[in-house]
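Asks:
There are 2 protein chains.
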Amino acid sequence: MPTATKPRLTTKGAATRRRIVEGAAAEIRERGATATTLDDVCARTRTSKSQIFHYFPGGKEELLLAVAAREAERVLEDQQPHLSELTSWPAWQNWRDAVIRRYRRQGMHCPLGVLITELGRGTPAAQELTARLIEQWQAELRAGLEHMQRAGEINPVLDADRTAAALVATIQGGVTILMSTGRITHLEAALDTTLDLLRATA
Amino acid sequence: MPTATKPRLTTKGAATRRRIVEGAAAEIRERGATATTLDDVCARTRTSKSQIFHYFPGGKEELLLAVAAREAERVLEDQQPHLSELTSWPAWQNWRDAVIRRYRRQGMHCPLGVLITELGRGTPAAQELTARLIEQWQAELRAGLEHMQRAGEINPVLDADRTAAALVATIQGGVTILMSTGRITHLEAALDTTLDLLRATA
DNA sequence: GCTAACCTGGACCAACGAGTCCAGAAAGCG
DNA sequence: CGCTTTCTGGACTCGTTGGTCCAGGTTAGC
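For the record, the sequence lines run as chains P and V. Basically the numbering used here = 1-based index in the first sequence + 9. Basically the numbering used here = 1-based index in the second sequence + 9.
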């Protein structure tokens, strides 16, 4: 992708751009990516199509990608500060609560889930984005797991990286089920069960 | 839903109907549900729109639902006979292998994943379908877990139903990650880790 | 305040895709 | 056969949607 002389944004321009991304994100959360039209975004953000194409020359795909990037950040942000301080079982519990709280609040409107399933497949850029997010998430969990292993709270025989991968998958699965059935029970059960099993290895 | 005098199908009609469902399923597997158009299905199955509306008066939504129902069956079928005989650790391993094999072969083209994420949200009928599938899957796993508990191979303190829910979520999450990144590593790691942890509770 | 950028509104277009209609072929059945 | 019902092809409508264009307004910086 040739960076093609990106135009400098005015403060006003930057604000509009941000408004578009936020508005699109909200719309997508509520109705899904494919169901969200550019006109919807225009109406919600009080802008016109020309703006959208001004800030996102690549059209809808580029906008969606920008939204996805924003939401990916938010996924990790919403788990902080707990995610970076998984140094004791109470800390893990706090993190667990934060995760559940986040998804309980969002209900079936998981922004990232929508993105990675509706746009993720197909475009390599989106795949890359998703892979990066998962990688980062997994790395943080791994750090927490290793800390617990050093503290003797988790069996050191376990492969921390694979276990972290399992945790990420567990959450993702719970969220997928939440999105497609509306019930959060599986997410809770999955997360709690896995943590219980880990605790039991000490 | 008033069953509205369903027309009797001739053998030829039934065959055509089946051909449409199969063709639509294949198309959806490759390109996603929203990206699949009725014209695509027509072209692939050598039929015309009038056929589709003849057999699925509800239009695309009804067709998608029929495909989803078919794929839901297949999900469970593909795990048999292992899923119903989880009575020993080797049996569990066979089941695990069957699951991995299935998804490795399908790669990113998970039919049901596509359906439940692209159609599942929104229409209550699809939600119901998904819920039913998960419930059934979970029930089979729970039976296996309880058997292992009675055999003293898994700690009887564990709540078998919640653990089964965790397993389902684990797989679903691994599959979601597979679909959005193309890597099967998380599915393997998640499933293996969970099974290892269960084994360790004996 | 003047010039050259950036920014905005809204009309317009072309493509596409779901769904409709109807005439006619092909079964079922007495 | 002859009559009814089911089945099939394909042309047609029509709303939607991503994307274009351009004229006019606004901001930055000298």
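The C-beta atom is built at its ideal place from N, Cα and C for all residues, glycine as well. Please read all numbers here as calculations on a predicted model, not as lab measurements.
(1) Restricting to runs no shorter than 4 residues, where is the alpha helix (DSSP H) found entirely within the stretch 120–161 of chain V?
(2) Quick check: H156 (chain V) and L95 (chain V), are their CB atoms within less than 8 Å of each other?
(3) Where does the unbroken alpha helix (DSSP H) through G22 (chain P) begin, and where does it stop?
(4) Kindly list the residues whose CB is nearer than 8 Å to the CB of E36 (chain P), restricted to its own chain and excluding five residues on each side of it in sequence; keep chain order.
(5) Chain V beta carbons: is any one of them nearer than 8 Å to that of A34 (chain P)?
(6) State yes or no: is the C-beta of V76 (chain V) within less than 8 Å of the C-beta of A134 (chain V)?
(7) Assuming G182 (chain V) and G182 (chain P) form a contact by the criterion Cβ under 8 Å, report the distance between their Cβ atoms to the nearest whole angstrom.
(8) In its own chain, which residues sit with a C-beta less than 7 Å from the C-beta of E70 (chain V), not counting the 5 before and 5 after it?
(9) Mind checking the stretch 168–180 of chain V against chain P and listing, in chain order, the residues whose C-beta falls within less than 9 Å of any C-beta there?
(10) Where in the stretch 68–106 of chain P do unbroken runs of the alpha helix (DSSP H), each at least 4 residues long, occur, reported from the N-terminal end onward?
(11) Shortest alpha-carbon distance to R27 (chain V) belongs to which of V:A160, V:H63, V:E162?
(12) In three-state DSSP terms, what is G116 (chain V)?
(13) Using a Cβ-Cβ distance under 8 Å, would I186 (chain P) count as near chain V?
(14) Tell me which residues share the same chain as R111 (chain P) and place their Cβ nearer than 8 Å to its Cβ, disregarding the 5 neighbours each side in the sequence.
(15) Skipping 5 residues on each side, what residues in its chain have a beta carbon closer than 7 Å to that of I193 (chain P)?
(16) For chain V, check one thing: does any of its Cβ atoms lie closer than 8 Å to the Cβ of H91 (chain P)?
(17) Taking all protein chains shown into account, do 16 or more other C-beta atoms lie within 10 angstroms of the C-beta of V108 (chain V), making it buried, or fewer, making it exposed?
(18) Going along chain P, which residues have a C-beta under 8 Å from L196 (chain V)?
(19) I think I143 (chain V) touches V184 (chain V), with their Cβ atoms under 8 Å apart; what is that distance to the nearest whole Å?
(20) When you compare each of P:T210, P:Q147, P:T202 to V166 (chain P) by their alpha carbons, which one comes out closest?
(21) Please list, in chain order, the chain V residues whose beta carbon lies closer than 9 Å to that of A209 (chain P).
(22) How about T132 (chain V): is its Cβ closer than 7 Å to a heavy atom in the ligand COA?
(23) Chain P beta carbons: is any one of them nearer than 8 Å to that of T139 (chain V)?
(24) Quick check: what's the CA-CA separation for T56 (chain P) versus H195 (chain V)?
(25) Quick one: does I143 (chain P) have its CB under 8 Å from some CB of chain V?
(26) Please list, in chain order, all residues of the same chain as T12 (chain V) whose beta carbon is under 8 Å from its beta carbon, the five residues on each side excluded.
(27) Comparing alpha-carbon positions, which option in V:P99, V:T20, V:E39 lies nearest M117 (chain V)?
(28) How many whole angstroms separate the CB atoms of E162 (chain V) and S93 (chain V), which I take to be in contact at a CB cut-off of 8 Å?
Replies: Quick look at the numbers:
(1) The DSSP assignment places 120–124, 133–159 as complete runs of the alpha helix (DSSP H) inside the stretch 120–161 of chain V, in order along the chain (cut-off: 4 residues).
(2) As a working mapping, residue 156 (chain V) is identified with position 147 in the second sequence. As a working mapping, residue 95 (chain V) is identified with position 86 in the second sequence. Taking the C-beta atoms as reference points, L95 (chain V) is found nearer than 8 Å to H156 (chain V).
(3) Numbered from 1 along the first sequence, position 13 holds the residue referred to as residue 22 (chain P). From DSSP, the alpha helix (DSSP H) with G22 (chain P) extends over 20–40.
(4) Here the question's residue 36 (chain P) lines up with position 27 in the first sequence. Cβ neighbours of E36 (chain P) beyond the five flanking positions: T45, D49, V50, R53.
(5) The sequence position of residue 34 (chain P) within the first sequence is 25, counting from 1. Judged by the 8 Å Cβ criterion, A34 (chain P) is not in contact with chain V.
(6) On the second sequence, residue 76 (chain V) is found 67 positions in, with the first residue counted as 1. On the second sequence, residue 134 (chain V) is found 125 positions in, with the first residue counted as 1. Not a contact, by the Cβ cut-off of 8 Å.
(7) Your numbering for residue 182 (chain V) matches position 173 in the second sequence. Your numbering for residue 182 (chain P) matches position 173 in the first sequence. Right, their Cβ atoms sit about 3 Å apart.
(8) Counting from one through the second sequence, the residue named residue 70 (chain V) turns up at place 61. Excluding sequence neighbours, E70 (chain V) sits near T132.
(9) Residues passing the 9 Å Cβ filter: D168, D170, R171, T172, A173, A174, A175, L176, V177, A178, T179, I180.
(10) Taken in chain order, the complete alpha helix (DSSP H) segments of 4 or more residues contained in the stretch 68–106 of chain P are 69–86.
(11) The residue labelled residue 27 (chain V) in the question sits at position 18 within the second sequence. The shortest Cα separation from R27 (chain V) among V:A160, V:H63, V:E162 belongs to V:H63.
(12) For this step, residue 116 (chain V) is matched to residue 107 along the second sequence. G116 (chain V) falls in the coil class under three-state DSSP.
(13) If you number the first sequence from 1, residue 186 (chain P) lands on position 177. I186 (chain P) counts as touching chain V.
(14) Translated into positions along the first sequence, residue 111 (chain P) becomes position 102. So the list reads D87, Q88, once near-sequence residues are dropped.
(15) Position 184 of the first sequence, counted from the start, is the residue given in the question as residue 193 (chain P). For I193 (chain P), where only same-chain residues beyond five positions count, the Cβ hits under 7 Å are Y112, R113, L187.
(16) Here residue 91 (chain P) corresponds to residue number 82 of the first sequence, with the count starting at 1. Not closer than 8 Å to any Cβ of chain V, the Cβ of H91 (chain P) fails to qualify, so no.
(17) Sequence index remark: in the second sequence, residue 108 (chain V) carries index 99 (1-based). By the 10 Å Cβ count, V108 (chain V) comes out buried.
(18) Taking the second sequence and counting its residues from 1, the one referred to as residue 196 (chain V) is at position 187. Simply A178.
(19) Locating residue 143 (chain V) in the second sequence gives position 134, where the first residue counts as 1. Locating residue 184 (chain V) in the second sequence gives position 175, where the first residue counts as 1. Taking the Cβ atoms as the reference, I143 (chain V) lies roughly 13 Å from V184 (chain V), outside the contact range of under 8 Å.
(20) One-based indexing of the first sequence puts residue 166 (chain P) at position 157. V166 (chain P) has its Cα closest to that of P:T210, out of P:T210, P:Q147, P:T202.
(21) Working through the first sequence from its first residue, we reach residue 209 (chain P) at position 200. Those within 9 Å of A209 (chain P) in chain V are N164, L206, A209, T210.
(22) Among the components of this structure there are no ligands whatsoever, and the ligand COA is therefore not found.
(23) As a first step, residue 139 (chain V) must be located in the second sequence, where it is residue number 130. Among the CB atoms of chain P, one or more fall inside 8 Å of the CB of T139 (chain V).
(24) Reading the first sequence from its first residue, position 47 is the one you call residue 56 (chain P). Reading the second sequence from its first residue, position 186 is the one you call residue 195 (chain V). Answer to the nearest angstrom: the Cα atoms are 41 Å apart.
(25) Position 134 of the first sequence, counting from 1, holds the residue named residue 143 (chain P). True, the Cβ-Cβ gap to chain V drops below 8 Å.
(26) Along the second sequence, one-based indexing puts residue 12 (chain V) at 3. Caution is warranted here: a pLDDT of 38 is assigned to T12 (chain V), below 50, making its placement in the model unreliable, and the coordinate value is therefore given only provisionally. The answer is none, since no qualifying residue turns up.
(27) What you label residue 117 (chain V) is simply residue 108 of the second sequence in a count that begins at 1. Checking every option, the nearest Cα to that of M117 (chain V) belongs to V:E39.
(28) Walking along the second sequence from the start, residue 162 (chain V) turns up at place 153. Walking along the second sequence from the start, residue 93 (chain V) turns up at place 84. For E162 (chain V) against S93 (chain V), the beta-carbon gap comes to about 18 Å, at or over 8 Å, which does not count as contact.
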